[in-house]
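The numbering used here numbers the first residue of the sequence shown as 14 and each following residue consecutively.
Cβ coordinates follow ideal geometry from the N, Cα and C atoms, glycine included.
Quick caveat: nothing in here was measured; it's all calculated off a predicted structure.
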Amino acid sequence: MTSLPLLSLAIWVPILAGILVLLTGDDKNAKTARWVALAGALIAFAVTIPLYTGFNFTDGGFQFQEGHLWIPSFNIHYHLGADGISVPLILLTSFTTVLVVIAGWEVITKRVAQYMASFLIMSGLMIGVFSALDAILYYVFWEAMLIPMFLVIGIWGGPNRVYATIKFFLYTLLGSLLMLVAFIYLYHQSNSFELVDYYRMPLAMNVQILIFLAFFAAFAVKIPMWPVHTWLPDAHVEAPTGGSVVLAAIALKLGGYSFLRFAMPIAPDAAHYLSGFMITLSLIAVVYIALVALVQQDMKKLIAYSSISHMGFVTLGFFIFSSLGLEGAIVQMISHGFISSAMFLSVGVLYDRMHSRQIADYGGVVNTMPKFAAFAVLFAMANSGLPGTSGFVGEFMVILGALQENFWYAFLASTTLIFGAAYTLWMVKRVFFGDIGNQHVAELVDVNQRELLILSVLAILVIGFGVYPQPITEMTHATVNNFLEHMATTKLPVGI
């Protein structure tokens, strides 16, 4: 175990790198801004690698802890720690930031420094969410990360970007306010904002239910769960490619992670009591939203609805309270990070050339972009849950876990393998195969070296974790067992 403050470095290195990028000035120095951003992103990724290499796989508790008194009058601490659930998500965040910087290298030509800096700062803030063990510190990071995402969509987004940003901001902010109310109540009961104190604190069932619902309001919006999902397709459609990648790969995972870190362990009895409600919402997302995806004409909107359907698997895995389901849900979160990044980057490659996301505007792309088509079809297959890709592993584990709990849960969940294949392959057929659709498609140029690098790395990861998911499951196993042990113990006060 290293003595370095690894989590602080993981948070503050990208934030400081973002500030440095801003200091490069206006677009006269765009080249400098790009290289400083890339160097910052690579260093930020490098400082997160020791979290994996130095991780104790047999320890299910928090590791790499740092603690300092921050605001003495309210007993608020700068307390960081990571376990087998948060470390993979931290690594995913820092890795995705590198991809986003490279993806925007030639595409972003206006306000380059501000664009790159937004993603670097956002990366540090999201890692802060995954690391914070003090409720107020967590809340500060949670709210602060809205600002750079708001700017990314609002400045570099599409024609309806103002509507999309306001909707995104209001949905996430209003849910978060109820979470803050829950934190204030817990503080008055314990005189502490420390997460571990909340885990030990006995709470009556009616209090647990109210606290769980307050957290639910914040986290369900972020995932997003049906029926509070409508902001996501709008945000994705209007966001630039980099914004869509970070939204799908990381931002949605903040909600899933927070259920495991806050809502469920603080109110375990309520989580069990409301599990039927949560499973119902999850299965509606899996089945209904997949059908909604089937009728989309915009590629980005189709992938956005696909993300909601896949995240339904995550919450389903959480609330069947089995080791298999929970580990499968975590694998699904990481896998979805890679696959959704790849899918949105693929749409970005086409959009950069034709400035259209409409499926009807394409056709026969494989004839003019064979290398790109090979990658895009691979990622589409992974999105459908093809065995041998990472998309299969998490879904299969969750379905097996659901089968142990209830046959109908597993049956409804498994329909995603049919619907997922339907909407994904329907899009692939119309965009990539057949005769060349029009003159614009005939003039398309295949991927350049920068695009080839990004797609190749993602393809290796999608296949690699599909064939050998053990690096994720091995890291999460002890933490998941600890979590389930905690969830099996009642927190009701004695006599209730």
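Leaving out the 5 sequence neighbours to the left and right, which residues in its chain are closer than 6 Å to R366 when beta-carbon positions are compared? Taken in chain order, the residues that qualify are L457.
Measuring CB to CB, does V327 end up less than 7 Å from F385? No.
Measuring only the C-alpha atoms, how far is G361 from T61? Each residue's Cα considered, the two are about 28 Å apart.
Can you list, in chain order, the residues of its chain whose CB lies under 8 Å from that of M312, leaving out five sequence neighbours each side? If we look at M312 and ignore the five residues flanking it on each side, its Cβ neighbours are V360, L363, R370, Q371, I372, M440, V444.
Distance, Cα to Cα, I297 vs G330? About 14 Å.
Look at the alpha carbon of G508 and the alpha carbon of H81, and state the distance between them as a whole number of angstroms. Note that G508 scores a pLDDT of 49, beneath 50, so its modelled location is shaky; the value from the coordinates is reported in the next line. One Cα belongs to G508, the other to H81, and the distance between them is close to 37 Å.
Any idea if H249 is buried or exposed, counting beta-carbon neighbours within 10 angstroms, 16 or more meaning buried? Burial call: buried.
Coarse secondary structure for N494, derived from DSSP in three states: Helix.
Using CA coordinates, which residue listed in F68, G376, G31 is at the minimum distance from T110? With distances taken between CA atoms, T110 lies nearest to G31 out of F68, G376, G31.
With burial defined as no fewer than 16 other Cβ atoms inside 10 Å of the residue's Cβ, what is the status of Y176: buried or exposed? Y176 comes out exposed.
DSSP on G447, reduced to helix/strand/coil? Of the three classes helix, strand and coil, the one that applies to G447 here is coil, per DSSP.
Quick one: what does DSSP say F143 is sitting in, helix, strand or coil? F143 falls in the helix class under three-state DSSP.
E418 to I333 span [Cα, whole Å]: Going by the C-alpha atoms only, they are around 7 Å apart.
What are the boundary residues of the alpha helix (DSSP H) that includes G479? Per DSSP, G479 belongs to the alpha helix (DSSP H) from 462-480.
How many angstroms separate the CA atom of A423 from the CA atom of Q310? Rounded to the nearest whole angstrom, the C-alpha separation of A423 and Q310 is 30 Å.
Residue interval of the alpha helix (DSSP H) (run including F409): Looking at the DSSP string, the run of the alpha helix (DSSP H) that includes F409 is 403-418.
Euclidean distance between Cα positions of V194 and L19: So the alpha carbons of these two residues sit roughly 31 Å apart.
Quick one: grab the DSSP three-state call for Q483. It is helical.
For T73, which option in M500, T503, V493, H499 has the closest C-alpha, if you only look at C-alpha atoms? Note on identity: in this sequence residue 73 is Gly, with Thr being the wrong assignment. It is V493 whose Cα lies nearest to the Cα of G73.
I513 versus F143 - alpha carbon distance: Since the first residue of the chain shown is 14 and the last is 509, residue 513 is not available in this structure.
What's the call for L146, buried or exposed, on a 16-neighbour Cβ count within 10 Å? Looking at its Cβ environment, which holds 16 or more other Cβ atoms inside 10 Å, L146 is buried.
Is I236 near G268, with beta carbons less than 7 Å apart? With respect to the 7 Å criterion, I236 and G268 are classified as neighbours on the basis of their beta carbons.
Distance, Cα to Cα, F351 vs D40? Computed Cα separation, rounded: 31 Å.
Specify the secondary structure class of H81 as computed by DSSP and reduced to three states. Strand, per DSSP.
Rounded separation between Y301 and E498 - CA only: Approximately 33 Å between the Cα atoms of the pair.
Can you tell me which of the three DSSP states M500 falls into? Here M500 carries a helix assignment [DSSP, helix/strand/coil].
According to DSSP, simplified to helix, strand and coil, what is G94? DSSP places G94 in strand when its eight states are reduced to three.
Under DSSP, the alpha helix (DSSP H) around R213 begins and ends at which residues? That run of the alpha helix (DSSP H) goes 208-213.
Run through the DSSP bridge pairs and tell me what I89 is partnered with. Within the DSSP secondary-structure output, I89 pairs in a beta bridge with I84.
DSSP bridge partner residues for D311 (one or two, in chain order): DSSP lists Q371 as partners of D311.
Around the C-beta of A455, are 16 or more other C-beta atoms found within 10 angstroms, so that it is buried, or is it exposed? It counts as exposed.
Cβ-Cβ distance between L294 and W244 below 7 Å: Not a contact, by the Cβ cut-off of 7 Å.
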